[in-house]
Amino acid sequence: KNYFYPDLPKAYQISQYDVPLASGGKLVIDTEGKKKTIGITRLHLEEDAGKLVHQAIDGRLSGAKYSLVDYNRAGVPLIEIVSEPDISSPSEARDYVIRLRQLVRYLGISDGDMESGSLRVDANISRTSPNGSFGSKVEVKNMNSLSALEKALAYEERRQDDVLRGGGAVLQETRHWDDSSGRTLSSRGKEEAHDYRYFPEPDLPSVAITEEQVQKIRKTLPELPWEKESRFIEIYCLSPEETDLLIAKKDMAEYFESVVKAGVEPRRAANWFKTEIMRLMNEGRFEPEDPAIPADELANLLKAVNRGAISNTAAKDVWGKMLSEGFTAAEAMEMLGLSEGSLEKERLRKIIEGIIEEHHEVTEEIRSGKDTKGKKLKFLFGLVMRETRGQADPEEVRSILEEMVR
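According to the working numbering, the sequence shown holds residues 278 to 683 in order.
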(Lines of atoms letter the chains of each structure in order from A and count residues from 1; the text may use other names and numbers.)
(Lines give C-alpha, C1' and ligand atoms only; values in the text may rest on other atoms or scores of the structure.)
Protein backbone atom coordinates (compact mmCIF):
# COMPACT_ATOMS: atom_id res chain seq x y z
CA LYS A 1 0.00 0.00 0.00
CA ASN A 2 1.81 3.13 -1.21
CA TYR A 3 1.40 6.65 0.11
CA PHE A 4 3.57 9.60 1.03
CA TYR A 5 3.17 10.99 4.54
CA PRO A 6 5.66 11.75 7.32
CA ASP A 7 4.49 8.82 9.47
CA LEU A 8 5.64 6.33 6.79
CA PRO A 9 9.32 6.99 5.92
CA LYS A 10 9.66 4.07 3.47
CA ALA A 11 6.50 5.32 1.64
CA TYR A 12 4.81 1.91 1.52
CA GLN A 13 2.94 -0.14 4.10
CA ILE A 14 2.55 -3.93 4.18
CA SER A 15 -1.13 -4.82 4.46
CA GLN A 16 -3.50 -7.62 3.47
CA TYR A 17 -5.76 -6.51 0.64
CA ASP A 18 -7.28 -9.20 -1.62
CA VAL A 19 -7.30 -12.01 0.93
CA PRO A 20 -7.82 -10.82 4.53
CA LEU A 21 -7.57 -13.14 7.54
CA ALA A 22 -11.34 -13.11 7.91
CA SER A 23 -14.41 -11.53 6.37
CA GLY A 24 -18.20 -11.45 6.69
CA GLY A 25 -18.33 -11.37 10.48
CA LYS A 26 -20.64 -9.68 12.97
CA LEU A 27 -20.74 -8.38 16.52
CA VAL A 28 -23.94 -8.01 18.55
CA ILE A 29 -23.96 -4.95 20.80
CA ASP A 30 -26.24 -3.63 23.53
CA THR A 31 -27.26 -0.07 22.71
CA GLU A 32 -30.04 2.01 24.25
CA GLY A 33 -31.55 -1.09 25.86
CA LYS A 34 -31.70 -3.09 22.61
CA LYS A 35 -29.57 -5.67 20.80
CA LYS A 36 -28.15 -4.62 17.44
CA THR A 37 -25.97 -6.55 15.01
CA ILE A 38 -23.03 -4.70 13.47
CA GLY A 39 -21.53 -6.37 10.42
CA ILE A 40 -17.76 -6.81 10.17
CA THR A 41 -16.48 -6.45 6.61
CA ARG A 42 -13.00 -7.83 7.14
CA LEU A 43 -10.18 -8.41 9.59
CA HIS A 44 -6.67 -8.13 8.24
CA LEU A 45 -3.05 -7.81 9.30
CA GLU A 46 -1.14 -4.61 8.68
CA GLU A 47 2.06 -2.97 9.84
CA ASP A 48 1.72 0.15 11.95
CA ALA A 49 2.90 3.58 10.89
CA GLY A 50 4.50 6.25 13.07
CA LYS A 51 2.75 8.83 15.21
CA LEU A 52 2.70 12.56 14.49
CA VAL A 53 3.19 14.82 17.51
CA HIS A 54 2.14 18.40 16.80
CA GLN A 55 4.15 21.06 18.61
CA ALA A 56 2.12 24.06 19.73
CA ILE A 57 1.71 25.94 22.99
CA ASP A 58 -1.32 23.85 23.93
CA GLY A 59 -0.33 20.68 22.02
CA ARG A 60 -3.07 21.09 19.40
CA LEU A 61 -2.81 20.58 15.65
CA SER A 62 -4.33 24.04 15.17
CA GLY A 63 -1.59 26.61 15.61
CA ALA A 64 1.27 24.09 15.65
CA LYS A 65 4.48 25.58 14.21
CA TYR A 66 5.99 22.15 13.47
CA SER A 67 5.34 18.43 13.97
CA LEU A 68 7.58 15.66 15.25
CA VAL A 69 7.26 12.00 14.28
CA ASP A 70 7.46 9.18 16.82
CA TYR A 71 8.59 6.05 14.95
CA ASN A 72 8.59 3.71 17.97
CA ARG A 73 5.54 1.81 16.76
CA ALA A 74 6.36 1.94 13.03
CA GLY A 75 6.52 -1.55 11.53
CA VAL A 76 4.79 -3.23 14.48
CA PRO A 77 2.08 -5.67 13.30
CA LEU A 78 -1.53 -4.87 14.11
CA ILE A 79 -5.00 -6.20 13.39
CA GLU A 80 -7.34 -3.84 11.56
CA ILE A 81 -11.07 -4.54 11.83
CA VAL A 82 -13.31 -2.89 9.24
CA SER A 83 -17.00 -2.70 10.13
CA GLU A 84 -20.01 -2.40 7.83
CA PRO A 85 -21.87 0.96 7.73
CA ASP A 86 -24.47 -0.31 10.22
CA ILE A 87 -23.73 2.19 12.99
CA SER A 88 -26.22 5.04 13.00
CA SER A 89 -25.25 7.29 15.92
CA PRO A 90 -22.24 8.38 18.02
CA SER A 91 -23.57 6.42 21.01
CA GLU A 92 -23.82 3.25 18.90
CA ALA A 93 -20.22 3.74 17.78
CA ARG A 94 -19.19 4.00 21.43
CA ASP A 95 -21.15 0.85 22.38
CA TYR A 96 -19.59 -1.04 19.45
CA VAL A 97 -16.06 -0.14 20.56
CA ILE A 98 -16.89 -1.06 24.18
CA ARG A 99 -18.03 -4.54 23.07
CA LEU A 100 -15.06 -5.00 20.75
CA ARG A 101 -12.61 -3.91 23.47
CA GLN A 102 -14.28 -6.29 25.92
CA LEU A 103 -13.86 -9.14 23.44
CA VAL A 104 -10.13 -8.58 22.83
CA ARG A 105 -9.56 -8.35 26.59
CA TYR A 106 -11.46 -11.59 27.25
CA LEU A 107 -9.40 -13.32 24.54
CA GLY A 108 -6.13 -11.95 25.93
CA ILE A 109 -5.25 -10.41 22.55
CA SER A 110 -4.64 -6.91 23.90
CA ASP A 111 -5.19 -4.75 26.96
CA GLY A 112 -7.45 -2.62 24.73
CA ASP A 113 -6.16 0.61 26.26
CA MET A 114 -7.17 3.50 23.99
CA GLU A 115 -5.15 6.09 25.92
CA SER A 116 -1.85 4.25 25.30
CA GLY A 117 -2.75 3.40 21.69
CA SER A 118 -3.22 -0.38 22.11
CA LEU A 119 -6.70 0.09 20.65
CA ARG A 120 -7.21 2.89 18.14
CA VAL A 121 -10.34 3.91 16.29
CA ASP A 122 -10.71 5.74 13.00
CA ALA A 123 -14.33 6.51 12.17
CA ASN A 124 -15.89 7.20 8.78
CA ILE A 125 -19.02 9.33 8.84
CA SER A 126 -21.33 10.60 6.11
CA ARG A 127 -24.70 12.33 6.30
CA THR A 128 -27.68 12.31 3.97
CA SER A 129 -28.44 15.68 2.35
CA PRO A 130 -31.92 17.29 2.60
CA ASN A 131 -32.74 16.02 -0.92
CA GLY A 132 -32.00 12.42 0.11
CA SER A 133 -28.65 11.95 -1.64
CA PHE A 134 -25.75 10.44 0.27
CA GLY A 135 -22.99 12.76 1.37
CA SER A 136 -19.23 12.26 1.00
CA LYS A 137 -17.38 10.13 3.52
CA VAL A 138 -15.17 11.85 6.08
CA GLU A 139 -12.62 9.93 8.15
CA VAL A 140 -12.01 11.17 11.70
CA LYS A 141 -8.76 10.32 13.51
CA ASN A 142 -7.03 11.07 16.84
CA MET A 143 -9.80 9.85 19.15
CA ASN A 144 -7.95 8.29 22.08
CA SER A 145 -10.89 7.62 24.41
CA LEU A 146 -14.51 6.54 24.24
CA SER A 147 -15.56 10.03 25.26
CA ALA A 148 -13.47 11.57 22.45
CA LEU A 149 -14.99 9.14 19.94
CA GLU A 150 -18.55 10.07 20.87
CA LYS A 151 -17.83 13.81 21.01
CA ALA A 152 -15.95 13.81 17.69
CA LEU A 153 -18.74 12.02 15.83
CA ALA A 154 -21.41 14.23 17.39
CA TYR A 155 -19.47 17.33 16.31
CA GLU A 156 -18.87 15.99 12.80
CA GLU A 157 -22.56 15.08 12.51
CA ARG A 158 -23.52 18.70 13.27
CA ARG A 159 -20.80 20.14 11.01
CA GLN A 160 -21.83 18.08 7.98
CA ASP A 161 -25.53 18.80 8.55
CA ASP A 162 -24.79 22.53 8.63
CA VAL A 163 -22.81 22.31 5.36
CA LEU A 164 -25.57 20.33 3.61
CA ARG A 165 -28.38 22.56 4.89
CA GLY A 166 -26.48 25.57 3.57
CA GLY A 167 -26.40 24.05 0.08
CA GLY A 168 -22.70 23.19 0.24
CA ALA A 169 -20.91 19.92 -0.44
CA VAL A 170 -19.04 17.91 2.18
CA LEU A 171 -15.48 17.24 1.04
CA GLN A 172 -14.11 13.71 1.20
CA GLU A 173 -11.18 14.15 3.55
CA THR A 174 -9.43 13.04 6.72
CA ARG A 175 -10.06 15.17 9.79
CA HIS A 176 -8.32 15.29 13.14
CA TRP A 177 -10.23 15.50 16.45
CA ASP A 178 -8.97 18.34 18.65
CA ASP A 179 -10.09 17.48 22.17
CA SER A 180 -9.20 20.84 23.72
CA SER A 181 -11.33 22.87 21.29
CA GLY A 182 -14.01 20.20 20.87
CA ARG A 183 -13.95 20.21 17.06
CA THR A 184 -12.52 18.36 14.07
CA LEU A 185 -9.85 19.97 11.88
CA SER A 186 -9.02 19.17 8.26
CA SER A 187 -5.67 17.39 7.95
CA ARG A 188 -5.55 15.95 4.40
CA GLY A 189 -7.66 14.89 1.44
CA LYS A 190 -9.01 11.33 1.62
CA GLU A 191 -7.53 8.87 -0.86
CA GLU A 192 -9.45 6.23 -2.80
CA ALA A 193 -8.24 2.61 -3.02
CA HIS A 194 -6.65 3.18 -6.43
CA ASP A 195 -4.60 6.06 -5.01
CA TYR A 196 -2.64 3.59 -2.89
CA ARG A 197 -1.33 1.65 -5.93
CA TYR A 198 -1.60 -1.76 -4.26
CA PHE A 199 0.73 -4.48 -5.51
CA PRO A 200 2.01 -7.77 -4.01
CA GLU A 201 5.01 -7.71 -1.65
CA PRO A 202 7.37 -10.23 -3.34
CA ASP A 203 9.38 -10.98 -0.18
CA LEU A 204 6.37 -12.28 1.77
CA PRO A 205 5.13 -15.86 1.25
CA SER A 206 1.44 -16.70 1.35
CA VAL A 207 -0.16 -17.60 4.68
CA ALA A 208 -2.49 -20.60 4.38
CA ILE A 209 -5.00 -21.07 7.21
CA THR A 210 -6.77 -24.42 7.15
CA GLU A 211 -10.24 -25.20 8.47
CA GLU A 212 -8.57 -27.66 10.85
CA GLN A 213 -6.54 -24.81 12.38
CA VAL A 214 -9.65 -22.67 12.76
CA GLN A 215 -11.56 -25.45 14.54
CA LYS A 216 -8.59 -26.20 16.81
CA ILE A 217 -8.39 -22.55 17.87
CA ARG A 218 -12.16 -22.34 18.29
CA LYS A 219 -12.01 -25.17 20.86
CA THR A 220 -9.50 -23.23 22.97
CA LEU A 221 -11.64 -20.09 23.22
CA PRO A 222 -12.63 -19.01 26.74
CA GLU A 223 -16.23 -18.25 27.67
CA LEU A 224 -17.04 -15.11 25.66
CA PRO A 225 -18.68 -12.02 27.21
CA TRP A 226 -22.18 -12.64 25.80
CA GLU A 227 -22.02 -16.31 26.84
CA LYS A 228 -21.05 -15.30 30.37
CA GLU A 229 -23.82 -12.70 30.33
CA SER A 230 -26.48 -15.31 29.49
CA ARG A 231 -25.17 -17.70 32.13
CA PHE A 232 -25.12 -15.06 34.90
CA ILE A 233 -28.72 -14.06 34.14
CA GLU A 234 -29.90 -17.68 34.00
CA ILE A 235 -27.97 -19.23 36.91
CA TYR A 236 -27.66 -16.31 39.32
CA CYS A 237 -31.01 -14.66 38.47
CA LEU A 238 -29.35 -11.26 38.04
CA SER A 239 -30.74 -8.39 35.98
CA PRO A 240 -29.12 -7.46 32.63
CA GLU A 241 -27.89 -4.20 34.22
CA GLU A 242 -26.19 -6.03 37.09
CA THR A 243 -24.72 -8.57 34.70
CA ASP A 244 -23.32 -5.88 32.37
CA LEU A 245 -21.42 -4.38 35.30
CA LEU A 246 -20.08 -7.72 36.53
CA ILE A 247 -18.87 -9.01 33.15
CA ALA A 248 -17.41 -5.70 31.95
CA LYS A 249 -14.00 -7.08 32.90
CA LYS A 250 -13.13 -10.77 32.79
CA ASP A 251 -11.25 -10.51 36.11
CA MET A 252 -14.25 -8.82 37.73
CA ALA A 253 -16.55 -11.66 36.63
CA GLU A 254 -14.11 -14.28 37.90
CA TYR A 255 -13.73 -12.50 41.26
CA PHE A 256 -17.52 -12.32 41.62
CA GLU A 257 -17.92 -16.02 40.84
CA SER A 258 -15.23 -16.94 43.36
CA VAL A 259 -17.13 -15.03 46.06
CA VAL A 260 -20.40 -16.76 45.14
CA LYS A 261 -18.76 -20.21 45.04
CA ALA A 262 -17.46 -19.54 48.57
CA GLY A 263 -21.06 -19.54 49.76
CA VAL A 264 -22.42 -16.01 49.30
CA GLU A 265 -25.93 -15.51 47.91
CA PRO A 266 -25.47 -14.08 44.36
CA ARG A 267 -27.79 -11.10 44.88
CA ARG A 268 -25.96 -9.99 48.04
CA ALA A 269 -22.61 -10.36 46.29
CA ALA A 270 -23.87 -8.40 43.25
CA ASN A 271 -25.11 -5.56 45.47
CA TRP A 272 -21.71 -5.36 47.18
CA PHE A 273 -19.94 -5.26 43.81
CA LYS A 274 -22.31 -2.54 42.52
CA THR A 275 -21.59 -0.30 45.49
CA GLU A 276 -18.33 -0.98 47.34
CA ILE A 277 -16.22 -2.62 44.63
CA MET A 278 -17.23 -0.10 41.95
CA ARG A 279 -16.65 2.83 44.34
CA LEU A 280 -13.12 1.63 45.10
CA MET A 281 -12.39 0.95 41.43
CA ASN A 282 -13.49 4.48 40.51
CA GLU A 283 -11.18 5.81 43.23
CA GLY A 284 -8.31 3.71 41.86
CA ARG A 285 -8.06 1.70 45.11
CA PHE A 286 -9.11 -1.73 43.88
CA GLU A 287 -8.26 -3.84 40.84
CA PRO A 288 -10.15 -7.13 40.30
CA GLU A 289 -7.21 -8.56 38.32
CA ASP A 290 -5.05 -8.22 41.46
CA PRO A 291 -7.54 -7.94 44.35
CA ALA A 292 -6.20 -6.67 47.67
CA ILE A 293 -8.70 -8.92 49.47
CA PRO A 294 -8.94 -12.62 48.49
CA ALA A 295 -12.39 -13.70 47.33
CA ASP A 296 -12.82 -16.13 50.24
CA GLU A 297 -12.24 -13.31 52.78
CA LEU A 298 -14.80 -11.05 51.10
CA ALA A 299 -17.12 -14.07 51.18
CA ASN A 300 -16.53 -14.47 54.94
CA LEU A 301 -17.50 -10.83 55.47
CA LEU A 302 -20.68 -11.07 53.38
CA LYS A 303 -21.67 -14.35 55.04
CA ALA A 304 -21.40 -12.63 58.44
CA VAL A 305 -23.87 -10.01 57.17
CA ASN A 306 -26.15 -12.69 55.76
CA ARG A 307 -26.46 -14.57 59.06
CA GLY A 308 -27.10 -11.32 60.96
CA ALA A 309 -23.79 -11.27 62.84
CA ILE A 310 -23.13 -7.68 61.70
CA SER A 311 -25.13 -5.09 59.80
CA ASN A 312 -24.40 -3.98 56.25
CA THR A 313 -23.23 -0.61 57.61
CA ALA A 314 -20.80 -2.29 60.01
CA ALA A 315 -19.58 -4.51 57.16
CA LYS A 316 -18.39 -1.40 55.30
CA ASP A 317 -16.27 -0.44 58.33
CA VAL A 318 -14.86 -3.97 58.47
CA TRP A 319 -14.16 -3.87 54.72
CA GLY A 320 -12.28 -0.59 55.13
CA LYS A 321 -10.14 -2.13 57.88
CA MET A 322 -9.45 -5.19 55.75
CA LEU A 323 -8.27 -2.99 52.88
CA SER A 324 -6.16 -0.58 54.94
CA GLU A 325 -4.58 -3.09 57.34
CA GLY A 326 -4.68 -6.34 55.39
CA PHE A 327 -6.74 -8.07 58.08
CA THR A 328 -8.98 -11.07 57.52
CA ALA A 329 -12.71 -10.48 58.03
CA ALA A 330 -12.59 -12.11 61.48
CA GLU A 331 -9.55 -10.06 62.56
CA ALA A 332 -11.09 -6.78 61.37
CA MET A 333 -14.38 -7.54 63.14
CA GLU A 334 -12.51 -8.26 66.37
CA MET A 335 -10.43 -5.07 66.05
CA LEU A 336 -13.65 -3.05 65.70
CA GLY A 337 -15.36 -4.84 68.57
CA LEU A 338 -17.85 -6.45 66.23
CA SER A 339 -17.45 -10.05 67.27
CA GLU A 340 -20.51 -12.18 66.60
CA GLY A 341 -23.29 -11.90 69.15
CA SER A 342 -21.66 -8.88 70.81
CA LEU A 343 -24.87 -6.86 70.65
CA GLU A 344 -27.60 -8.86 72.37
CA LYS A 345 -31.22 -7.88 71.97
CA GLU A 346 -31.52 -6.84 75.65
CA ARG A 347 -28.57 -4.48 75.33
CA LEU A 348 -30.03 -3.04 72.13
CA ARG A 349 -33.34 -2.36 73.88
CA LYS A 350 -31.50 -0.48 76.64
CA ILE A 351 -29.67 1.68 74.10
CA ILE A 352 -32.95 2.51 72.36
CA GLU A 353 -34.66 3.28 75.69
CA GLY A 354 -31.86 5.69 76.58
CA ILE A 355 -32.13 7.53 73.25
CA ILE A 356 -35.94 7.76 73.56
CA GLU A 357 -35.63 9.22 77.07
CA GLU A 358 -32.95 11.69 75.99
CA HIS A 359 -35.12 12.88 73.08
CA HIS A 360 -38.53 12.64 74.75
CA GLU A 361 -39.86 15.69 72.87
CA VAL A 362 -39.27 13.91 69.55
CA THR A 363 -40.98 10.81 70.91
CA GLU A 364 -44.01 12.88 71.97
CA GLU A 365 -44.35 14.33 68.46
CA ILE A 366 -44.39 10.81 67.03
CA ARG A 367 -46.96 9.63 69.57
CA SER A 368 -49.19 12.65 68.95
CA GLY A 369 -49.36 11.81 65.24
CA LYS A 370 -47.40 14.88 64.07
CA ASP A 371 -44.67 12.81 62.41
CA THR A 372 -46.74 12.12 59.29
CA LYS A 373 -43.70 11.73 57.00
CA GLY A 374 -41.75 9.59 59.45
CA LYS A 375 -38.80 12.01 59.65
CA LYS A 376 -38.71 11.97 63.47
CA LEU A 377 -38.65 8.18 63.55
CA LYS A 378 -35.80 8.19 61.01
CA PHE A 379 -33.97 10.68 63.24
CA LEU A 380 -34.18 8.30 66.23
CA PHE A 381 -33.21 5.36 63.99
CA GLY A 382 -30.08 7.23 62.88
CA LEU A 383 -29.09 7.94 66.48
CA VAL A 384 -29.43 4.26 67.40
CA MET A 385 -27.34 3.13 64.42
CA ARG A 386 -24.67 5.70 65.26
CA GLU A 387 -24.63 4.65 68.93
CA THR A 388 -24.23 0.99 67.95
CA ARG A 389 -21.65 1.89 65.26
CA GLY A 390 -23.85 0.23 62.67
CA GLN A 391 -23.56 -3.12 64.42
CA ALA A 392 -27.28 -3.44 65.15
CA ASP A 393 -29.55 -5.12 62.65
CA PRO A 394 -31.54 -2.28 60.97
CA GLU A 395 -34.78 -4.27 60.82
CA GLU A 396 -34.54 -5.14 64.50
CA VAL A 397 -33.88 -1.48 65.39
CA ARG A 398 -36.94 -0.36 63.42
CA SER A 399 -39.10 -3.02 65.05
CA ILE A 400 -38.06 -2.12 68.63
CA LEU A 401 -38.30 1.64 67.94
CA GLU A 402 -41.83 1.37 66.55
CA GLU A 403 -42.86 -0.78 69.50
CA MET A 404 -41.48 1.69 72.08
CA VAL A 405 -42.72 4.98 70.62
CA ARG A 406 -46.27 3.95 69.66
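Built from N, CA and C at the ideal position, the CB exists for glycine as well.
{"Check": "Residue closest to H655, alpha-carbon to alpha-carbon, out of E634, E679, S516", "Outcome": "Looking at the sequence shown, residue 655 is not His but Lys. Considering only alpha carbons, the answer is E679."}
{"Check": "Cβ neighbours of P452 in the same chain (closer than 8 Å, five flanking residues each side left out)", "Outcome": "Here residue 452 is Arg; the residue named in the question, Pro, does not match the sequence. Cβ within range, chain order: V415, E416, V417, K418, E433, T461, L462, S463, S464."}
{"Check": "Backbone CA spacing between S457 and S422 [nearest angstrom]", "Outcome": "13 Å"}
{"Check": "Own chain partners of E392 with C-beta closer than 8 Å, once the 5 adjacent residues on each side are dropped", "Outcome": "N421, S422"}
{"Check": "DSSP three-state assignment for E539, whether helix, strand or coil", "Outcome": "It is worth fixing the name first, because residue 539 is Ala in this sequence and not Glu. In the structure shown, A539 sits in coil (DSSP, three-state: anything other than H, G, I, E or B)."}
{"Check": "Check whether S403 and G409 have beta carbons under 8 Å apart", "Outcome": "no"}
{"Check": "Rounded C-alpha distance that separates T308 from A400", "Outcome": "18 Å"}
{"Check": "Delimiting residues of the alpha helix (DSSP H) encompassing G597", "Outcome": "589-602"}
{"Check": "Helix, strand or coil at G310 according to DSSP, with G and I counted as helix", "Outcome": "coil"}
{"Check": "Per-residue DSSP class, three states only, for P499", "Outcome": "coil"}
{"Check": "Where the beta strand (DSSP E) containing K428 begins and where it ends", "Outcome": "Premise fails: K428 lies in the alpha helix (DSSP H), 423-442, not in any beta strand (DSSP E)."}
{"Check": "Exposure label - V541; buried when at least 16 CB within 10 Å", "Outcome": "buried"}
{"Check": "Length of the line joining the Cα atoms of A576 and E564", "Outcome": "17 Å"}
{"Check": "contact_flag[the region 339-350, the region 366-376] where n(CB pairs < 8 Å) is 3 or more", "Outcome": "no"}
{"Check": "Endpoints, the beta strand (DSSP E) within which N401 is located", "Outcome": "398-402"}
{"Check": "Of the listed residues E357, V661, I306, P286, nearest to T318 (C-alpha basis)", "Outcome": "E357"}
{"Check": "The region 517-525 / the region 550-566 touching (three or more Cβ pairs under 8 Å)", "Outcome": "yes"}
{"Check": "Same chain only: Cβ atoms within 7 Å of F281, ignoring 5 sequence neighbours per side", "Outcome": "A288"}
{"Check": "For T640, the first and last residue of its enclosing beta strand (DSSP E)", "Outcome": "No beta strand (DSSP E) holds T640; the alpha helix (DSSP H) holding it covers 637-644."}
{"Check": "Three-state class that DSSP yields for N687 in the structure shown", "Outcome": "Because the chain is modelled from 278 through 683, residue 687 falls outside the range shown and cannot be assessed."}
{"Check": "DSSP state of Q492 mapped onto helix, strand, coil", "Outcome": "helix"}
{"Check": "S692 to E531 span [Cα, whole Å]", "Outcome": "Since the displayed the chain opens at 278 and closes at 683, residue 692 lies outside it and no answer follows."}
{"Check": "When V447, K496, E488 are compared against P384, the one with the closest alpha-carbon", "Outcome": "According to the sequence displayed, residue 384 carries Leu and not Pro. Looking at the Cα atoms, K496 is the closest of the given residues."}
{"Check": "Cβ distance (whole Å) where R644 is taken to contact V682 below 8 Å", "Outcome": "6 Å"}
{"Check": "Beta-carbon gap between R397 and G389 smaller than 8 Å", "Outcome": "no"}
{"Check": "Euclidean distance between Cα positions of Y473 and L430", "Outcome": "26 Å"}
{"Check": "DSSP three-state assignment for F509, whether helix, strand or coil", "Outcome": "helix"}
{"Check": "Cβ distance (whole Å) where L498 is taken to contact L380 below 8 Å", "Outcome": "At roughly 11 Å, the Cβ-Cβ gap does not stay under 8 Å, so L498 and L380 are not in contact."}
{"Check": "CB of S535 within 8 Å of CB of A581, strictly", "Outcome": "no"}
{"Check": "Buried/exposed call for L515, threshold 16 Cβ in 10 Å", "Outcome": "buried"}
{"Check": "For D372, the first and last residue of its enclosing alpha helix (DSSP H)", "Outcome": "367-384"}
{"Check": "Where R350 falls: helix, strand or coil (DSSP)", "Outcome": "coil"}
{"Check": "Assigned secondary structure, I554 (DSSP; H/G/I helix, E/B strand, else coil)", "Outcome": "helix"}
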